[in-house]
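Q: Handing you a structure now.
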Amino acid sequence: MTDLTVELPGLDLKNPIMPASGCFGFGKEYAQLYDLSQLGAIMIKATTVETRLGNPTPRVAETASGMLNAIGLQNPGLEKVAGQELPWLEQYDVPIIANVAGTTTEDYVEVAKAISEAPNVHALEINISCPNVKLGGITFGTDPDVARELTRAVKEVSSVPVYIKLSPNVTDIVSIAKAVEEGGADGITMINTLLGMRMDTKTGRPIIANITGGLSGPAIKPVALRMVYEVSKHTKLPIIGMGGVTNVDDVIDFLSAGASAVAVGTANFVNPFVCPEIIGQLPERLHELGFDSVKELVGRSHRL
Amino acid sequence: MTDLTVELPGLDLKNPIMPASGCFGFGKEYAQLYDLSQLGAIMIKATTVETRLGNPTPRVAETASGMLNAIGLQNPGLEKVAGQELPWLEQYDVPIIANVAGTTTEDYVEVAKAISEAPNVHALEINISCPNVKLGGITFGTDPDVARELTRAVKEVSSVPVYIKLSPNVTDIVSIAKAVEEGGADGITMINTLLGMRMDTKTGRPIIANITGGLSGPAIKPVALRMVYEVSKHTKLPIIGMGGVTNVDDVIDFLSAGASAVAVGTANFVNPFVCPEIIGQLPERLHELGFDSVKELVGRSHRL
Amino acid sequence: MIKQERMQVVKQQEIAKHIFELTVQGELANEMAEPGQFVHIRVADSFEPLLRRPISVASIDMEASQFTMIYRAEGRGTGLLSEKKAGDLLDILGPLGHGFPVEEAQKKAYLIGGGIGVPPLYELAKQLNERGIETVHILGFESKQAVFYEDKFRELGDTHIATVDGSHGTQGFVTHILNELPSDFDTYYSCGPTAMLEAVQWAYPQKKGFLSYEQRMGCGIGACFACVCRTTKSETDYIKVCSDGPVFPAGVVIS
Amino acid sequence: MIKQERMQVVKQQEIAKHIFELTVQGELANEMAEPGQFVHIRVADSFEPLLRRPISVASIDMEASQFTMIYRAEGRGTGLLSEKKAGDLLDILGPLGHGFPVEEAQKKAYLIGGGIGVPPLYELAKQLNERGIETVHILGFESKQAVFYEDKFRELGDTHIATVDGSHGTQGFVTHILNELPSDFDTYYSCGPTAMLEAVQWAYPQKKGFLSYEQRMGCGIGACFACVCRTTKSETDYIKVCSDGPVFPAGVVIS
Ligand SMILES: Cc1cc2nc3c(=O)[nH]c(=O)nc-3n(C[C@H](O)[C@H](O)[C@H](O)COP(=O)(O)OP(=O)(O)OC[C@H]3O[C@@H](n4cnc5c(N)ncnc54)[C@H](O)[C@@H]3O)c2cc1C
Ligand SMILES: Cc1cc2nc3c(=O)[nH]c(=O)nc-3n(C[C@H](O)[C@H](O)[C@H](O)COP(=O)(O)OP(=O)(O)OC[C@H]3O[C@@H](n4cnc5c(N)ncnc54)[C@H](O)[C@@H]3O)c2cc1C
Ligand SMILES: Cc1cc2nc3c(=O)[nH]c(=O)nc-3n(C[C@H](O)[C@H](O)[C@H](O)COP(=O)(O)O)c2cc1C
Ligand SMILES: Cc1cc2nc3c(=O)[nH]c(=O)nc-3n(C[C@H](O)[C@H](O)[C@H](O)COP(=O)(O)O)c2cc1C
Ligand code: FES
Ligand code: FES
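Encoded structure:
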């Protein structure tokens, strides 16, 4: 019997696979397609204090083996998420990781405090890396000092473990990771999207209304893998890795590089059944590679 | 008649298309395939003071719509480049942009001074962005102060205009661009590769012997385009844009984003005739889009 | 129910300039509920192109478990789609979204389509006629070369064609035809460019109308918030074209 | 001369487990100079997979302007390649590199191949036999299921097969066979895994030998410095497998 379980701060996971924030809404749509209880966890869409309308459209554009998005943190706001979305999700036996966003430290603190009290929220994912909003978001994720202080503030109020979501748009991701470790983070999730752009060749106009967008999908996997490898080498924090995961071998690669669990984003749009499919394939693939448990695989690349 | 010519500091180009450094050696191999005089310019392989053996193999790995390389600046050294490679290239009516690399400022200065005196070298491209060497390279390209001072030192000795090649592996590329502008750079070339990694899924080992490598190809085009757009918005320096260009529409996009000319790297490996093919297609494509000259197109996205 | 299936291509042919008619077979066809729904197609197994392409269902043949789509091959994805041949398998997700409510029409309906917005109106016309509703079809195209399904629509009812260059039918837009026609219908249904939908809404403020919108999509099922439009129904919310639409009652979408 | 051509697939078949034989036709075939050269194949028009795949030429038919390759479909690129059918066009760059020098053999040559290193030895055997050289073939495979071209080689000379699992021929590696054979040849040619090439060099330090190497490639024509090996000829230089090789005289490559 292959052991797929993973224990992380706040999270006892049946398996290491979870949909990434923003690529799975609050679960309702995918629940039409399969039983969400199969998932290791669910990272829900970023939640802010108030309702956010997000950016104008077009919000997505395709690129070579990737896509750009500039949704701009559209969400129904804390009240509705805590009052409607999370209770609805309680019917499933799956831990929720709540993605928290904001413009000021106070925003983050307010959402973190309230949402961490929901019974099925087992961990927070603090989004200091959203490239698609003018204020907050990524600005918290590019300066180690700011990142450390935000982590501290959130840790103080959260009733569940706190994971910080790192931006890849930095010169030195290890310094940010170390800063949030000092700030008391329980774990790291990485990576958010790379800032990119696509033109309409005919008109010369950027396709995304917001001009720039976040690049995700298979195109960014090499960058994500490199960053997970570096951060896992230089910090002790557990990592939930993501960026371009589309199949079971991608999951193996992220675990090998040092991630303890893996999130799947864009691939849900290409194949809505990708998460349960990967979960189904994991035992056999682990067996083929000579492993009895997911845990054995974590950080394998560092031990070679 | 569509006007393909471009005038840049030191460079009177027949057309805006040139092979990118490291993807065209010193021209000999592609000269077997077509007449190099067709090209707008040639960016030759990085040259260092001494012969460099570069990194162990494997040095390349394929990724989704991209590739990783960690050649490690292998080159025959200044003496051979200046004594053999450049004189050989004199048979072609094409300006050479010499790519200069090193470990210390002195190295850069030494190569820059000597190589800029070669009759067919019309400009230097200072590689402060190579991610594949332990010393020098990228370390010069991630700190604005270091970049400014290096630019100054090189400008002092160079007998031709100096272009600085920027790294995308930074939090704020505009600050680096502004720093080299202050340092006296005549232009910017961008982008070099994104740092990435690929695992052998079976063994968990990184495929590239150097562990990490530089990501290039269509996968990175959105990142490159975004950076060219930002830098052209915030500096006055002319830009030679690159990153994932494979066809004539990619060239249009880079020009629209603010590049004055465009370099083609990885695509040469996929289609060795890509540069002359694009040059051949440019007039008709410009005409279709309603432009009479390449220059009209430059920075079009900013004017919309 | 939404299904993801590798459906078999039964037939593909170019029926007008760059316009392809593609018929596929599989269980998914049996899930089709309303005209105006769409499917999300993965045109290649590789990651490039990465995203699925939304294409409307143009006609449904439940008995044969088949449905037909009509699309213009313009970009990379639809270009690859047009290379599929009978026997090939095609990864299709669907049926998606809410289509045209056929039960809303009383006696006579106007079906107003532009370009690649015309296809879903064909299944709609079929179903309305089955219900005994008289349908009038007002269809706009770029030029004669781009016209398709004219005869098929004629079989179902009065059909008027406009072309921008005047090479076939009335010169101009569908609105030029609408101006000449009586307003003796109770319900209109429309699909086409947003500007056309706007014009149609303006033309018939008093009538019951249903309009099908387009937006660039990610997931196609309502999870990613890519395909939103502002709505008159709420200041603090969007509607999603993929799951709330693509068909909305007139007056709901702010475009 | 190196050409890039969309060549036509004439035939493709699986001749052993996961081993495909692929014949293509076009002008490029007429440029073939030496056995042991390779071509660089673009397996898809999309960017994924992006890079070309190097595959050796297994036999050349100048009269028909055709050549044949034999490859193992394992990864993504060769997997896609194995789906090509007669009539499809395939973007091929070649011929590339320097092959086996047939003029170096005097009377009797040993051709020693392992796995997918076997194919180029077939054209070599043909050309050596045409020159009146006696060829002995020592070929190693994983197992019986992976063996190919045994009869074809037998037609040209003495042929010995080794399989790792002993399911066919001698159990073990080609070196086990070499140990049993006389050393009455003047020249050897070898292609296969690096470990095998090393072993063969060690076995015959006094003989004239030529070995074909593999490296991961970018350009395939000598411009990118991806495919280098250290060499005994210089401390300050590499040799490139793609343009200086893939065939090198024994003793030149440090692997
Ligand atoms: C609900 C719905 C139904 C549709 N039904 C049809 C139909 O029946 N027949 C038909 O010909 N077309 C239809 N379209 C438009 C069709 O989806 C686009 O023409 C197609 O996606 C373009 O893809 P491409 O690869 O050819 O173009 P590319 O330019 O290569 O596409 C790049 C990206 O942009 C998206 N995109 C480009 N144009 C559009 C567009 N107009 N709408 C939405 N996304 C776009 C693509 O899906 C892709 O993600 C429909 C669109 C929607 C939203
Ligand atoms: C000069 C030369 C001649 C060759 N001749 C043959 C032949 O006749 N028959 C045959 O079956 N194989 C041959 N090979 C090996 C063949 O190139 C690889 O098996 C093939 O590239 C693997 O591609 P893939 O897409 O299946 O694997 P993937 O793992 O998807 O390939 C990923 C990347 O790694 C490269 N790669 C992976 N394995 C190898 C390898 N062993 N050598 C070089 N690059 C590799 C690929 O080219 C690609 O860039 C030859 C290699 C070289 C260098
Ligand atoms: C449409 C879309 C919306 C996203 N929204 C969020 C978000 O709200 N919060 C967040 O932290 N990350 C968000 N992300 C980033 C993803 O969670 C993930 O970090 C990124 O897409 C990389 O993974 P992938 O390549 O598997 O998509 C979003 C990504 C996409 C594509
Ligand atoms: C194999 C390889 C070698 C390279 N060597 C150099 C180099 O020596 N100097 C340099 O400045 N850039 C080098 N580059 C970077 C390219 O010049 C270019 O900036 C980058 O590849 C992005 O462009 P592309 O996507 O078109 O390849 C190299 C790139 C590749 C793929
Ligand atoms: S396309 Fe994802 S919500 Fe509509
Ligand atoms: S593959 Fe580029 S030098 Fe050999």
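Chains as they are written, first to last, in this note's numbering: chain W, 6 to 309; chain U, 6 to 309; chain Z, 968 to 1222; chain E, 968 to 1222.
Note that the Cβ used here is the ideal one computed from N, Cα and C, for glycine as well.
Small disclaimer: the values here were computed from a predicted structure and weren't measured.
1. Just checking: is the beta-carbon of N215(W) within a distance shorter than 9 angstroms of some beta-carbon in chain U?
2. Quick one: any contact between the segment 170-178 of chain U and the segment 196-214 of chain U, if contact means 3 or more CB pairs under 8 angstroms?
3. DSSP three-state call for R231(U): helix, strand or coil?
4. Mind checking who I245(U) pairs with in its DSSP beta bridge?
5. Flag E1015(E) as yes when its Cβ comes closer than 8 angstroms to any non-hydrogen atom of ligand 2, and as no otherwise.
6. Taking the alpha-carbon positions, what's the M6(W) to I22(W) distance?
7. Along the chain, where does the alpha helix (DSSP H) containing E293(W) start, and where does it finish?
8. Whose Cβ in chain E lies nearer than 7 angstroms to the Cβ of S1049(Z)?
9. Compare the C-beta of Q1182(E) with all C-beta atoms of chain U and state if any pair is closer than 9 angstroms.
10. Check whether the Cβ of S1179(Z) sits closer than 8 angstroms to any heavy atom of ligand 5, and report yes or no.
11. Is V977(E) helix, strand or coil when you go by DSSP?
12. What residues from the segment 1189-1200 of chain E come within 7 angstroms of chain U, judged by C-beta to C-beta, listed N to C?
13. Tell me, please, whether the segment 1043-1051 of chain Z touches the segment 99-109 of chain W by the rule of three or more beta-carbon pairs shorter than 8 angstroms.
14. Is any heavy atom in ligand 5 found nearer than 8 angstroms to the beta carbon of M1163(E)?
15. Ligand 2 and V1219(E): does any heavy atom of the ligand fall closer than 8 angstroms to the residue's C-beta?
16. Mind checking G59(W): buried by the 16 CB within 10 Å criterion, or exposed?
17. In whole angstroms, what separates the C-alpha of F29(U) from that of L260(W)?
18. I need the boundaries of the alpha helix (DSSP H) containing S180(U), first residue and last residue.
19. May I have the straight-line CA-CA distance separating P149(U) from P243(U), to the nearest angstrom?
20. Does the beta-carbon of M968(Z) have 16 or more other beta-carbons within 10 angstroms, so that it is buried, or is it exposed?
21. For M1163(E), which of helix, strand or coil comes out of DSSP?
22. In this structure, what does DSSP give as the bridge partners for P81(W)?
23. Can you confirm whether the segment 245-265 of chain U touches the segment 230-237 of chain U when touching is taken to mean that 3 or more C-beta pairs between the two stretches lie within less than 8 angstroms?
24. Roughly how far, in whole angstroms, is the beta-carbon of S237(U) from the beta-carbon of G304(U), given that I think they are within contact range, below 8 angstroms?
25. Helix, strand or coil, according to DSSP, for F1108(E) in the structure here?
26. Using a Cβ-Cβ distance cut-off of 9 angstroms, determine whether Y1038(E) contacts chain U.
27. Do the CB positions of A214(W) and P81(W) come within less than 9 angstroms of each other?
28. For the segment 214-236 of chain W, which residues have a CB atom closer than 7 angstroms to at least one CB atom of chain U, in sequence order?
29. Would you call K207(W) buried or exposed, if buried means 16 or more other Cβ atoms sit within 10 Å of its Cβ?
30. Distance check for E55(U) and L73(U), CA to CA, integer angstroms please.
31. Between which residues of its own chain and G263(W) is the CB-CB distance below 8 angstroms, once the five residues before and five after are set aside?
32. Looking at the secondary structure, which residues open and close the alpha helix (DSSP H) in which P1086(E) lies?
33. Would you decide whether D1055(E) is buried or exposed? Buried here means 16 or more other CB atoms lie within 10 Å of its CB.
34. In three-state terms, what does DSSP make of H1143(Z)?
35. Distance check for I257(W) and T1199(Z), CA to CA, integer angstroms please.
36. Considering only the beta carbon of each residue, do V114(U) and L83(U) sit closer than 9 angstroms?
A: Answer, in terms of the structure:
1. Closer than 9 angstroms: no.
2. yes
3. helix
4. T194(U) and A266(U)
5. no
6. 18 angstroms
7. V279 to L294
8. Contact of S1049(Z) with chain E by beta-carbon distance below 7 angstroms is absent, the smallest such distance being about 14 angstroms.
9. yes
10. S1179(Z): no, Cβ never under 8 angstroms from ligand 5.
11. strand
12. G1189, A1190, C1191, F1192, A1193 and V1195
13. no
14. no
15. no
16. buried
17. 37 angstroms
18. Counted as a single uninterrupted DSSP element, the alpha helix (DSSP H) harbouring S180(U) occupies residues I178 to E187.
19. Rounded to the nearest whole angstrom, the CA to CA distance from P149(U) to P243(U) is 19 angstroms.
20. exposed
21. helix
22. Bridge partners of P81(W): none, in fact.
23. yes
24. The C-beta separation of S237(U) from G304(U) comes to about 6 angstroms, placing the pair in contact by the 8 angstroms criterion.
25. Strand.
26. For Y1038(E), the nearest beta carbon of chain U is not closer than 9 angstroms to its own beta carbon.
27. no
28. Per Cβ criterion, the list reads T217, L220, P223, A224, K226, P227, V228, L230, R231 and Y234.
29. Counting Cβ neighbours within 10 Å, K207(W) comes out exposed, since fewer than 16 surround it.
30. 25 angstroms
31. V233, Y234, V236, S237, K238, I244, G246, V303, G304, S306 and H307
32. P1086 to E1097
33. exposed
34. Three-state DSSP puts H1143(Z) in a helix.
35. 48 angstroms
36. no
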